[in-house]
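Under this note's numbering, the first residue of the sequence shown carries the number 822, and numbering increases by one thereafter. Cβ coordinates follow ideal geometry from the N, Cα and C atoms, glycine included. Notes for the one structure printed next.
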Amino acid sequence: MLLSSHILRYLLAFLFLWAGISKLLDPKSFARSIDAFGLVPEPMLVVTALGLPVLEIFIAVAVALRWQCGLPLMAVTLLLFICVLWYGVLQGLDVDCGCFSVTEQSAHTSLREAFWRDWLMLAAVVYVLAIGRIWRPRAELKPQTTRSL
Numbered sequence: 822m823l824l825s826s827h828i829l830r831y832l833l834a835f836l837f838l839w840a841g842i843s844k845l846l847d848p849k850s851f852a853r854s855i856d857a858f859g860l861v862p863e864p865m866l867v868v869t870a871l872g873l874p875v876l877e878i879f880i881a882v883a884v885a886l887r888w889q890c891g892l893p894l895m896a897v898t899l900l901l902f903i904c905v906l907w908y909g910v911l912q913g914l915d916v917d918c919g920c921f922s923v924t925e926q927s928a929h930t931s932l933r934e935a936f937w938r939d940w941l942m943l944a945a946v947v948y949v950l951a952i953g954r955i956w957r958p959r960a961e962l963k964p965q966t967t968r969s970l
């Protein structure tokens, strides 16, 4: 069980790394995907199209290196993605989600698939976080004491 959470952690990190790098390789395409949702003002498109992939790469590294901020940041980012994708589904947008900078066959179906994929990834993040809390070594559970001089 513990081994599977390690594998899951690295899989999640890989997915975020892949998504971030693929967006950075084609920022114009990603900016068009962002713009299609109509949620980001035009002056912020470039900042968002470059900043979001950099954030995804940072999160991937943080998760892979087991930094304390990694999984919580991934969860918050996935929740943001889920909200944006749900907005797109509710609006009936026929756009590419821009998730991995790969245009999928049917953009509207792509939003639904990405929506459910992100929920699955969020569930995996919660699972890895929960396993990490349950299976912590006992030494980590003991309160730290400081010696007086």
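Reduced DSSP category for residue i - H, G, I as helix; E, B as strand; rest coil
{"i": "leucine 860", "result": "coil"}
{"i": "cysteine 904", "result": "helix"}
{"i": "leucine 914", "result": "coil"}
{"i": "aspartate 847", "result": "coil"}
{"i": "phenylalanine 921", "result": "coil"}
{"i": "tryptophan 937", "result": "helix"}
{"i": "glutamine 926", "result": "Any answer about glutamine 926 is weak, because its pLDDT of 40 lies below 50 and its placement is not dependable; what the coordinates show is given next. Coil."}
{"i": "leucine 886", "result": "coil"}
Sub-9 Å separation of residue i and residue j beta-carbons
{"i": "proline 893", "j": "proline 874", "result": "no"}
{"i": "valine 947", "j": "arginine 830", "result": "no"}
{"i": "glycine 891", "j": "valine 897", "result": "no"}
CA nearest to the CA of residue i, picked from the options
{"i": "leucine 836", "options": "Met865, Ile880 and Ala870", "result": "Ile880"}
{"i": "valine 910", "options": "Trp937, Ala896, Leu886 and Arg887", "result": "Trp937"}
{"i": "glycine 872", "options": "Ala834, Lys844 and Trp839", "result": "Lys844"}
{"i": "threonine 869", "options": "Asp939, Leu900, Leu932 and Gly919", "result": "Gly919"}
{"i": "glycine 841", "options": "Pro864, Arg887 and Met895", "result": "Met895"}
{"i": "phenylalanine 921", "options": "Ile828, Leu860 and Leu846", "result": "Leu846"}
{"i": "valine 916", "options": "His827, Arg853 and Ile828", "result": "Arg853"}
Cβ-based burial, residue i [other Cβ within 10 Å; buried from 16]
{"i": "glutamate 877", "result": "buried"}
{"i": "serine 825", "result": "exposed"}
{"i": "cysteine 904", "result": "exposed"}
C-alpha distance - residue i paired with residue j, whole-angstrom precision
{"i": "phenylalanine 851", "j": "leucine 943", "result": "22 Å"}
{"i": "tryptophan 839", "j": "leucine 832", "result": "10 Å"}
{"i": "valine 882", "j": "glutamine 889", "result": "11 Å"}
{"i": "arginine 933", "j": "glutamine 912", "result": "12 Å"}
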